[in-house]
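Accompanying notes for the structure given below.
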Amino acid sequence: MLAQLFQQVWSDPQAPYHTVETFNQHVRQLLPERGKRFRHDDLDTVMVIERSKNLNVVAYTCTYKEELEEKDENGKPVKKEVAKDGMIIKPDSILEKPKHVKRTVNPKNAVHAFWIKLEPEHVERRRGRGELHDHNELNAIEKKLAYGCSVTLFPSNSNGSNKSLWSEFQKQWNQLAKDIEKENKNNKNNNKENPYKRSLTSDDEKCVLEWHEVFQLSLAKFAAMPPVLLLHLPPLPPTENNENNEKNENHQKNKNPDDVTLPVMLTVIDGKVSILTKVFVASIEPKHFYQLPSVEYIEAFGVCLVTGAETYEKKTNK
19 MLAQLFQQVW SDPQAPYHTV ETFNQHVRQL LPERGKRFRH DDLDTVMVIE RSKNLNVVAY
79 TCTYKEELEE KDENGKPVKK EVAKDGMIIK PDSILEKPKH VKRTVNPKNA VHAFWIKLEP
139 EHVERRRGRG ELHDHNELNA IEKKLAYGCS VTLFPSNSNG SNKSLWSEFQ KQWNQLAKDI
199 EKENKNNKNN NKENPYKRSL TSDDEKCVLE WHEVFQLSLA KFAAMPPVLL LHLPPLPPTE
259 NNENNEKNEN HQKNKNPDDV TLPVMLTVID GKVSILTKVF VASIEPKHFY QLPSVEYIEA
319 FGVCLVTGAE TYEKKTNK
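Residue 211 in our numbering is what sits at position 193 of the sequence shown, and the numbering runs on without skipping anything.
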């Protein structure tokens with residue numbers, strides 16, 4: 019996914035996402051509005067999994083160092099409201115984020131996957147037990163076999179180099195070249211263009227490292243889904259109050275605040291590089307308590323990075 023994103027960016031110098039600045043603005047315009055998708059939605063919730071079993075969802079929310087180290091006006095740590103299960107309860111207002119600050123990913127828990135209970139019967143039971151929140155941690159089995167998510171970060175060295183990121187990029191680039199070559203060889207009628215055959219240069223490495231510096235690139239790996247590319251869009255610079263200002267007009271198209279860091283997941287949906295918005299899992303429930311549910315099919319929903327059109331792909335478990 020990392021190599022596919024950059025091939026998309028490099029393929030057309032005239033594209034509206036060719037530089038880090040235009041890419042940031044372009045992706046923000048494509049992002050669906052956050053905060054109104056479901057109860058307890060949050061700006062930092064980058065993706066959700068909905069299920070056929072009930073209305074409860076698994077939320078994937080990015081965490082940042084600034085929130086863990088938040089201090090009041092006197093420099094004292096802000097006391098967080100903590101639930102019985104140890105989770106930090108986020109404020110209802112999704113706008114309570116550090117503004118005009120490029121937030122730094124929390125390396126210990128870059129993406130927090132947890133349940134949000136939306137099924138009315140479940141919420142009613144929680145209120146009956148005196149629980150005023152609707153969040154629950156995944157259990158060990160859910161983390162390992164179904165909904166768990168781990169993130170591979172690529173920390174830069176003190177001199178600004180990043181051998182781990184560039185090594186991962188080269189690995190993906192070479193693998194894509196082999197895959198297309200194999201596809202063309204197996205299907206003689208198929209003469210698919212292979213842009214990954216060219217040799218990478220020092221300019222390519224410089225570009226990848228620049229994007230990493232701005233967007234904190236990382237790989238998010240799921241227990242039961244292919245990995246995706248995770249980016250963190252830094253706040254956009256303030257614009258002048260000028261009706262004729264093109265940047266100001268672009269800002270007005272955004273459905274989310276411009277002055278906060280926004281996390282985004284990129285993947286390939288139906289062959290198109292897309293912003294991943296949600297996943298739906300249709301499952302077959304077991305007949306016996308000692309059995310696990312089986313997946314009937316999975317649907318991925320997103321937004322095409324190039325056209326802004328909705329993308330969709332269904333994968334059956336066959």
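Even glycine gets a Cβ: it sits at the ideal position worked out from N, Cα and C.
Between R57 and L136, what straight-line distance do the alpha-carbon atoms span, to the nearest angstrom? By 1-based counting over the sequence shown, the position of residue 57 is 39. By 1-based counting over the sequence shown, the position of residue 136 is 118. Between R57 and L136, the C-alpha separation is close to 7 Å.
Report the residue from W133, K54, K120 and E84 whose alpha carbon sits nearest the alpha carbon of I67. As a working mapping, residue 67 is identified with position 49 in the sequence shown. Distances from the CA of I67 to each of W133, K54, K120 and E84 were compared; the closest alpha carbon is that of W133.
For L194, three-class secondary structure by DSSP: Locating residue 194 in the sequence shown gives position 176, where the first residue counts as 1. Of the three classes helix, strand and coil, the one that applies to L194 here is helix, per DSSP.
Among K200, K71 and W191, the one whose alpha carbon lies nearest that of P213: Numbered from 1 along the sequence shown, position 195 holds the residue referred to as residue 213. Of K200, K71 and W191, the residue nearest in Cα terms is W191.
Contained alpha helix (DSSP H) runs [length at least 4] in the segment 115 to 143, N- to C-terminal order: Uninterrupted alpha helix (DSSP H) stretches at least 4 residues long and entirely within the segment 115 to 143 do not occur.
Buried or exposed: where does G320 fall if 16 or more other Cβ atoms within 10 Å of its Cβ makes it buried? In the sequence shown, counting from the first residue as 1, residue 320 sits at position 302. Flag for G320 reads buried.
Every unbroken beta strand (DSSP E) within the segment 206 to 251, with a cutoff of 3 residues, ordered by chain: Counting whole runs of 3 or more residues, the segment 206 to 251 contains the beta strand (DSSP E) stretches 236 to 240 and 246 to 251.
Run of the beta strand (DSSP E) containing T279, from where it starts to where it stops: Start at 1 with the first residue of the sequence shown, and residue 279 comes out as number 261. Here T279 belongs to no beta strand (DSSP E), and DSSP marks it neither H nor E.
Could you tell me the boundaries of the beta strand (DSSP E) in which H153 lies? Taking the sequence shown and counting its residues from 1, one reaches residue 153 at position 135. Note, H153: beta strand (DSSP E), H153 to E155.
Taking 8 Å as the limit between beta carbons, can you name the residues of its chain near T122, skipping five residues before and five after? Position 104 of the sequence shown, counted from the first residue, corresponds to residue 122. Closer than 8 Å at Cβ, skipping near neighbours: Y82, K83, E84 and Q234.
8 Å Cβ shell around E331 - same chain, five flanking residues per side excluded: Along the sequence shown, read from residue 1 onward, the residue named residue 331 stands at position 313. Within the same chain, Cβ atoms closer than 8 Å to the Cβ of E331 are found at I287, D288, E317 and A318, the five residues on either side in sequence being excluded.
Assign T40 to one of three DSSP states: helix, strand, or coil. Residue mapping note: residue 40 aligns to position 22 of the sequence shown, counting from 1. Reduced to three states, the DSSP call for T40 is helix.
Leaving aside the five residues before and after A327 along the sequence, list all residues of the same chain whose C-beta is less than 8 Å from its C-beta, in chain order. In the sequence shown, counting from the first residue as 1, residue 327 sits at position 309. The beta carbon of A327 sits closer than 8 Å to the beta carbons of V321 from its chain, once the five residues preceding and following it are set aside; these are given in chain order.
Return helix, strand or coil for E51, following the three-state DSSP convention. Within the sequence shown, residue 51 is the residue found at index 33, counting from 1. Note: E51 maps to coil in three-state DSSP.
Can you name, in chain order, every residue of its own chain whose Cβ lies under 7 Å from the Cβ of N124, other than the five neighbours on each side? For the purposes of this step, residue 124 is taken as residue 106 along the sequence shown, with counting starting at 1. Exclusion of the five residues before and after N124 leaves T81, Y82, K83 and L86 as the residues of its chain whose Cβ lies within less than 7 Å of its Cβ.
Rounding to the nearest angstrom, what Cα-Cα distance links F24 and M65 in this structure? Within the sequence shown, the letter at position 6 stands for residue 24. Within the sequence shown, the letter at position 47 stands for residue 65. Cα to Cα, the separation comes out at about 22 Å.
Can you tell me the Cα-Cα spacing of D197 and R46, whole angstroms? Residue 197 sits at position 179 when you count from the first residue of the sequence shown. Residue 46 sits at position 28 when you count from the first residue of the sequence shown. One C-alpha to the other measures close to 32 Å.
Identified DSSP bridge partners for G326: Locating residue 326 in the sequence shown gives position 308, counting from the first residue. Partner(s): none; G326 has no beta bridge.
Taking 8 Å as the limit between beta carbons, can you name the residues of its chain near N209, skipping five residues before and five after? Numbered from its first residue, the sequence shown carries residue 209 at position 191. Once the five neighbours on either side are set aside, the close Cβ partners of N209 are N202.
Would you kindly work out how many angstroms separate the C-alpha atoms of L48 and N272, rounded to a whole number? The residue given as residue 48 occupies position 30 in the sequence shown. The residue given as residue 272 occupies position 254 in the sequence shown. The alpha-carbon atoms of L48 and N272 are separated by roughly 8 Å.
If we ignore side chains and look at the alpha-carbon of each, how far apart do Q43 and N175 end up? Against the sequence shown, residue 43 aligns to sequence position 25. Against the sequence shown, residue 175 aligns to sequence position 157. C-alpha separation (whole angstroms): 28 Å.
State the Cα-Cα distance for the pair L227 and E186, rounded to the nearest angstrom. Here residue 227 is taken as the residue at index 209 of the sequence shown, counted from 1. Here residue 186 is taken as the residue at index 168 of the sequence shown, counted from 1. Rounded to the nearest angstrom, the two C-alpha atoms are 12 Å apart.
Helix, strand or coil at S168 [DSSP, three-state]: On the sequence shown, residue 168 is found 150 positions in, with the first residue counted as 1. The answer is strand: DSSP assigns S168 an E or B state.
Would D276 and L254 qualify as a contact pair, given that the criterion is a beta-carbon distance under 8 Å? Taking the sequence shown and counting its residues from 1, one reaches residue 276 at position 258. Taking the sequence shown and counting its residues from 1, one reaches residue 254 at position 236. In this structure, D276 lies near L254, with their beta-carbon atoms less than 8 Å apart.
Using C-beta distances below 6 Å, list every residue in its chain close to Q26, excluding the 5 sequence neighbours before and after it, in chain order. Mapped onto the sequence shown, residue 26 falls at position 8. So the list reads V291, once near-sequence residues are dropped.
Contacts around T334, its chain only, beta-carbon distance under 6 Å, and the 5 residues preceding and following it disregarded: Indexing the sequence shown from 1 puts residue 334 at position 316. The answer, listed in chain order, is Y315.
Would you say P50 and T285 are within 8 Å of each other, going by their C-beta atoms? Within the sequence shown, the letter at position 32 stands for residue 50. Within the sequence shown, the letter at position 267 stands for residue 285. No. Outside cutoff.
Quick one: Cα of L61 to Cα of C225, how far? In the sequence shown, the residue the question calls residue 61 occupies position 43. In the sequence shown, the residue the question calls residue 225 occupies position 207. Computed Cα separation, rounded: 28 Å.
Could you check the C-alpha separation between M105 and F307 for me, to the nearest Å? Counted from its first residue, the sequence shown places residue 105 at position 87. Counted from its first residue, the sequence shown places residue 307 at position 289. Its pLDDT being 48, under 50, M105 is placed unreliably in this model, and the value from its coordinates should be taken loosely. If I take the Cα positions, the gap works out to 28 Å.
At what residues does the alpha helix (DSSP H) containing F24 begin and finish? Here residue 24 refers to the residue found at position 6 of the sequence shown. Bounds of the alpha helix (DSSP H) holding F24 are L20 to S29.
If you reduce the DSSP assignment to three classes, tell me which class R46 lands in. The residue given as residue 46 occupies position 28 in the sequence shown. Residue state, collapsed to three classes: helix.
Taking the Cβ atom as the reference point for each residue, do H252 and V282 lie within a distance shorter than 8 Å? Here residue 252 refers to the residue found at position 234 when the sequence shown is read from its first residue. Here residue 282 refers to the residue found at position 264 when the sequence shown is read from its first residue. The question names His, yet the displayed sequence has Pro at residue 252. With respect to V282, P252 sits apart: the two C-beta atoms are not nearer than 8 Å.
For K71 and P304, the rounded distance between their alpha carbons: Within the sequence shown, the letter at position 286 stands for residue 304. Within the sequence shown, the letter at position 53 stands for residue 71. The alpha-carbon atoms of P304 and K71 are separated by roughly 12 Å.
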